[in-house]
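Residue numbers (my numbering), protein chains in the order written: chain A, 19 to 668; chain B, 40 to 262. C-beta: ideal position from N, C-alpha, C; glycine also. Notes follow once the structure below has been shown.
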Amino acid sequence: MQFLNNTYAQSSINILGYAGNNYNSAFRLNSLETNPGNYSNTNDWELNVLFGGTVSGKSSSNIYTLSLAKTISRHNLYSRYTPGFEKNFVFNTGTTILLSDTEEIETTLKTTLQYKEKFGFGYSYKFSSNFSAGFSVRYFDQKFTEETAVPVFTDSLNSIITQTEVESKNYWRGDIGINYNPAANLLLNLSSINLFTLKENTGSENIYEMNVEKGALIGLSYSPYKYLNFHSSYETTGGITGGFNLATEMFDGSLTAGISLIHDKDIDNTIAGIIPVLNYSTGLFSLTLSGIKYFTSDSQNLLSSFLDKRFKSIINNKYSEDKIFLGINFALSFKKKKSADLIEVEIKKEIFPTMGDIYLNEPFAVGKVTNITDKPVIVKPSSLISNLSDEIIFSPDVTISAGDTVLVPFYTIINNNLSSGRREISQANFYVTVINGEPDDEIQKPVLINNYNSWDGKVINLRYFVYKDLSFAAGYAKNILTRQKENILSVQSSLSIFKKIEVLFNHFVKEMIYVSDPRSSVEYVQFPSETINVKGGDCDDLSVGFASLLESIGIETAFVDYKSKAGISHVNLLINTGLAPMEAHLITINDKKYFVREDKNGNDQVWIPVEMTSLTDFETGWSLGSEKFYKEAVENFGLAKNEVEIIDVN
Amino acid sequence: MKKLFIAILFLGLNLSAQDFTVEKISGNVQVLKSTSEKYENVNQGDKLNGNDLIVTDEKSFIQLNKAGNKFILQGNSALGLNYLKQISINDLLLALAREEIRRVPKNEGNGNSRNTAVYGEEIRKDSPNSKIDDKMGIKKLNGAKQLAENGYKESAVLVAKETYRKYPSTKNKIDERIYFADILVDLTLYSEAFEEFNEIRKAAPNNEVISNKIEKLKIEIEN
Numbered sequence: 019m020q021f022l023n024n025t026y027a028q029s030s031i032n033i034l035g036y037a038g039n040n041y042n043s044a045f046r047l048n049s050l051e052t053n054p055g056n057y058s059n060t061n062d063w064e065l066n067v068l069f070g071g072t073v074s075g076k077s078s079s080n081i082y083t084l085s086l087a088k089t090i091s092r093h094n095l096y097s098r099y100t101p102g103f104e105k106n107f108v109f110n111t112g113t114t115i116l117l118s119d120t121e122e123i124e125t126t127l128k129t130t131l132q133y134k135e136k137f138g139f140g141y142s143y144k145f146s147s148n149f150s151a152g153f154s155v156r157y158f159d160q161k162f163t164e165e166t167a168v169p170v171f172t173d174s175l176n177s178i179i180t181q182t183e184v185e186s187k188n189y190w191r192g193d194i195g196i197n198y199n200p201a202a203n204l205l206l207n208l209s210s211i212n213l214f215t216l217k218e219n220t221g222s223e224n225i226y227e228m229n230v231e232k233g234a235l236i237g238l239s240y241s242p243y244k245y246l247n248f249h250s251s252y253e254t255t256g257g258i259t260g261g262f263n264l265a266t267e268m269f270d271g272s273l274t275a276g277i278s279l280i281h282d283k284d285i286d287n288t289i290a291g292i293i294p295v296l297n298y299s300t301g302l303f304s305l306t307l308s309g310i311k312y313f314t315s316d317s318q319n320l321l322s323s324f325l326d327k328r329f330k331s332i333i334n335n336k337y338s339e340d341k342i343f344l345g346i347n348f349a350l351s352f353k354k355k356k357s358a359d360l361i362e363v364e365i366k367k368e369i370f371p372t373m374g375d376i377y378l379n380e381p382f383a384v385g386k387v388t389n390i391t392d393k394p395v396i397v398k399p400s401s402l403i404s405n406l407s408d409e410i411i412f413s414p415d416v417t418i419s420a421g422d423t424v425l426v427p428f429y430t431i432i433n434n435n436l437s438s439g440r441r442e443i444s445q446a447n448f449y450v451t452v453i454n455g456e457p458d459d460e461i462q463k464p465v466l467i468n469n470y471n472s473w474d475g476k477v478i479n480l481r482y483f484v485y486k487d488l489s490f491a492a493g494y495a496k497n498i499l500t501r502q503k504e505n506i507l508s509v510q511s512s513l514s515i516f517k518k519i520e521v522l523f524n525h526f527v528k529e530m531i532y533v534s535d536p537r538s539s540v541e542y543v544q545f546p547s548e549t550i551n552v553k554g555g556d557c558d559d560l561s562v563g564f565a566s567l568l569e570s571i572g573i574e575t576a577f578v579d580y581k582s583k584a585g586i587s588h589v590n591l592l593i594n595t596g597l598a599p600m601e602a603h604l605i606t607i608n609d610k611k612y613f614v615r616e617d618k619n620g621n622d623q624v625w626i627p628v629e630m631t632s633l634t635d636f637e638t639g640w641s642l643g644s645e646k647f648y649k650e651a652v653e654n655f656g657l658a659k660n661e662v663e664i665i666d667v668n
Numbered sequence: 040m041k042k043l044f045i046a047i048l049f050l051g052l053n054l055s056a057q058d059f060t061v062e063k064i065s066g067n068v069q070v071l072k073s074t075s076e077k078y079e080n081v082n083q084g085d086k087l088n089g090n091d092l093i094v095t096d097e098k099s100f101i102q103l104n105k106a107g108n109k110f111i112l113q114g115n116s117a118l119g120l121n122y123l124k125q126i127s128i129n130d131l132l133l134a135l136a137r138e139e140i141r142r143v144p145k146n147e148g149n150g151n152s153r154n155t156a157v158y159g160e161e162i163r164k165d166s167p168n169s170k171i172d173d174k175m176g177i178k179k180l181n182g183a184k185q186l187a188e189n190g191y192k193e194s195a196v197l198v199a200k201e202t203y204r205k206y207p208s209t210k211n212k213i214d215e216r217i218y219f220a221d222i223l224v225d226l227t228l229y230s231e232a233f234e235e236f237n238e239i240r241k242a243a244p245n246n247e248v249i250s251n252k253i254e255k256l257k258i259e260i261e262n
């Protein structure tokens, strides 16, 4: 055993170096030596293996530490096994004895001191995003073996023999600490040193026992820029550490290079040693190469010198040799790292199952999402409404800048086969996912699902009711037209559409009566088949029913929405006769009874307004519809002032 | 109570403003009431209202009195009495913008096919009767001109625009179209006039008068 160094041990020196920065903060790149408070940003499981060896080569490399950490909600648990934390000394006492008179056998008495740190635990609790507190417990094993010369007197022989005395002085050490981030780029920590020690063996103190002087450790870590980190610590027991590291992004990870200097009050050299470190981290692992180079080399191997100042640290003391370490951290994250927070969700619309398509274009809810990373992220919003969809519906991706909070729309697809058809409250789950797989965050909110006949009152959405049972309408319309075939064929071909409109109208309204909506908090619209079956409805029902008949046989229709400031609106229909304006005289001599609209090909066509609630005959319905349309839409500039709106069904 | 009284009085004036009395009449003058499909003869002393369309034959005329204001509609003219009123420039602009609303919006469709396919030769027993179209269209433009001459310029423009659309043959009456486009210039609606002259040029591409007016309007708009 050689004693190469006389650096006085620093209790808090970190053999992993100081590589922590903004780029690799998800990994725990320290141990209980510098982090008695067990501060950790580990997201889930993390495994660390540290290999080490002396540079002199006299000791073979081996596993220094093996540690496992787990974060559960706000709790972090840490455990480590430290087979490499061992230091053995063998001192010659300076006494040589002759073991036998007859044989020239002599021996030198030795004192063997064995120090081990076996294992340790840490626990911390994150009280808030910027404050945590915790404690650590470590177990130390000390065994002292001394050889002494004992004279033996018998009747025939007097001699001296060596006797070995072994004494164990195992103990527990416990410390507490707090960590505080007053700003995102500043970390302060305060920890105890040897706050309490609990000895397993009673009896008087052995002179070889490690120094367990109580003290405190104050540390600071500051990043003025994302790629630069300064760190320092001060121990009341006499040590100071300081250094910095620089980081850069590389190969989908980050590369960090740093250096730290250590100082101790009890040694002559201002700089006792230097700790260089090189770290490469990705999202899955972190690789750290570090070492300790001591600047002093005053080798003294006398027991008296050893006893002069008892050491405080097994891995770093005045007898330590230069070392090199290789540490590997694996992020065993079965739970992915969170990149986005879904802060709140606002339900913008009730769900109207029949109008399901509108939720493809208009969000039914809007969420407030924050990017909690330092890079832009692409968030995939998604939702699942129980009883309305059997799979998660993804909305368009949204890119969020680092640290930004944005409003994210949620769209959905309605599966009417799953809907109960009743008005009910259902639970909607909202998710935000940054990377495919498990969502980063989720919120559950109730959403009102209306019944099939509910309508949101927007005339534009009546079109969904028109198309709800188009096949029924087509069958109904074709049946009537077949029966009136002779009548329809009797007119010139250009009037065919107009004649069909007339025939269908007269048949449709023949048995209808006007019935108001039931008193309800929501508007109620019948499907065309329901209107025909119950033989009645209000203006919405009748307009929807007749529009459905016409649309089912290819005749274009549009709703005319007469908006009322008093809140009593009215709806009737505009119907495309297919006639050109020059042909309008074939159906009327009164040009107030039609409205010219330009079709998709730029051709003008004659549309006629028809009032459905007259329930008399086509001529009356057409005249009443025209009178209202001309007065309110044209003469009073209703169309121009948006008080009257034409909404094409298709 | 006072407010109620004023409101009722105002309503009464408004209604009476819609009433026209036939003071003089000559030749054949007919009225098409509201959405009726039958012309009726007009006689002196008849009461007409804003829903009525007055149509005069050639060499005919009618003199109307509306709250002391007289209006004469000359021969070969047609006029909806609802246009015999002052219209603000804002309302005129809104009405001109309405032309955009007439267009059926282009959409993706919902997959339902339009029933437009006719197999075999489609026979139209009656081809479009452009003479009927032309006759009423010209009468309407004549009526609009008389509106303008009597100070109802904004109304005149609206009647002309509606006539072009409902009676497409009138789009080829270049002189009439220039007349009404010039009214827009008089009203300092240069952008609207510019658009109208460009529309007219489609029907008469080589008309120098139109080209010159367009160039002048460009300068006006740029200034």
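Taking Cβ positions only, does residue i come closer than 8 Å to chain B?
| i | result |
| --- | --- |
| Phe-370 of chain A | no |
| Lys-611 of chain A | yes |
| Ile-607 of chain A | yes |
| Ser-472 of chain A | no |
Mind checking residue i: buried by the 16 CB within 10 Å criterion, or exposed?
| i | result |
| --- | --- |
| Gln-160 of chain A | buried |
| Asn-197 of chain A | buried |
| Ala-106 of chain B | exposed |
| Arg-481 of chain A | buried |
| Pro-627 of chain A | buried |
| Gly-66 of chain B | exposed |
| Thr-15 of chain A | With chain A covering only 19 through 668, there is no way to say anything about residue 15 of chain A. |
| Arg-142 of chain B | exposed |
| Asn-42 of chain A | buried |
Closest by CA to residue i, which one among the options?
| i | options | result |
| --- | --- | --- |
| Lys-283 of chain A | A:Ile-258, A:Leu-513 and A:Ser-299 | A:Ile-258 |
| Lys-134 of chain A | A:Trp-190, A:Gln-181, A:Val-168 and A:Glu-164 | A:Trp-190 |
| Tyr-240 of chain A | A:Asn-212, A:Lys-217 and A:Leu-206 | A:Leu-206 |
| Ser-401 of chain A | A:Gly-385, A:Asn-389 and A:Pro-394 | A:Gly-385 |
| Lys-124 of chain B | B:Asn-90, B:Asp-96 and B:Lys-174 | B:Asn-90 |
| Leu-568 of chain A | A:Asp-487, A:Val-533, A:Phe-613 and A:Glu-601 | A:Asp-487 |
| Leu-642 of chain A | B:Ser-194, B:Gln-69, B:Ser-73 and B:Thr-60 | B:Ser-73 |
| Thr-595 of chain A | A:Ile-390, A:Ile-573, A:Asn-608 and A:Asn-247 | A:Ile-573 |
| Leu-592 of chain A | A:Glu-541, A:Ala-651 and A:Met-600 | A:Ala-651 |
| Gly-114 of chain B | B:Leu-71, B:Ile-93 and B:Thr-227 | B:Ile-93 |
Which of the three DSSP states, helix, strand or coil, is assigned to residue i?
| i | result |
| --- | --- |
| Ala-52 of chain A | Correcting the residue type first, residue 52 of chain A is Thr in the shown sequence and not Ala. Thr-52 of chain A: coil per DSSP, three-state reduction. |
| Glu-261 of chain B | helix |
| Tyr-312 of chain A | strand |
| Tyr-337 of chain A | coil |
| Leu-131 of chain A | strand |
| Ala-420 of chain A | coil |
| Phe-162 of chain A | strand |
| Lys-476 of chain A | coil |
| Leu-296 of chain A | strand |
Is any beta-carbon of chain A found at less than 8 Å from that of residue i?
| i | result |
| --- | --- |
| Tyr-191 of chain B | no |
| Leu-52 of chain B | Because the pLDDT of Leu-52 of chain B is 35, which lies under 50, any placement of that residue in the model is unreliable, and the number read from its coordinates should be weighed accordingly. Leu-52 of chain B does not count as touching chain A. |
| Tyr-218 of chain B | no |
| Leu-186 of chain B | no |
| Val-68 of chain B | no |
| Glu-76 of chain B | yes |
| Val-143 of chain B | yes |
Under 8 Å, Cβ to Cβ, is there at least one residue of chain C near residue i?
| i | result |
| --- | --- |
| Pro-414 of chain A | Of the protein chains in this structure, namely A and B, none is chain C. |
Cβ pair count under 8 Å reaching 3, the region 273 to 283 of chain A against the region 292 to 304 of chain A: Using a C-beta cut-off of 8 Å, the region 273 to 283 of chain A makes contact with the region 292 to 304 of chain A, since at least three inter-stretch Cβ pairs fall below that distance.
Sufficient close CB pairs (3 or more, under 8 Å) joining the region 319 to 328 of chain A to the region 341 to 360 of chain A: Proximity of the region 319 to 328 of chain A to the region 341 to 360 of chain A falls short of the contact definition, fewer than three beta-carbon pairs being nearer than 8 Å.
Inter-stretch contact (C-beta, 8 Å, three-pair minimum) for the region 336 to 345 of chain A and the region 297 to 313 of chain A: In this structure the region 336 to 345 of chain A lies against the region 297 to 313 of chain A, because at least three pairs of beta carbons, one per stretch, are closer than 8 Å.
Contact between the region 182 to 194 of chain B and the region 116 to 134 of chain B (3+ Cβ pairs under 8 Å): Cβ pair count under 8 Å is three or more, so yes.
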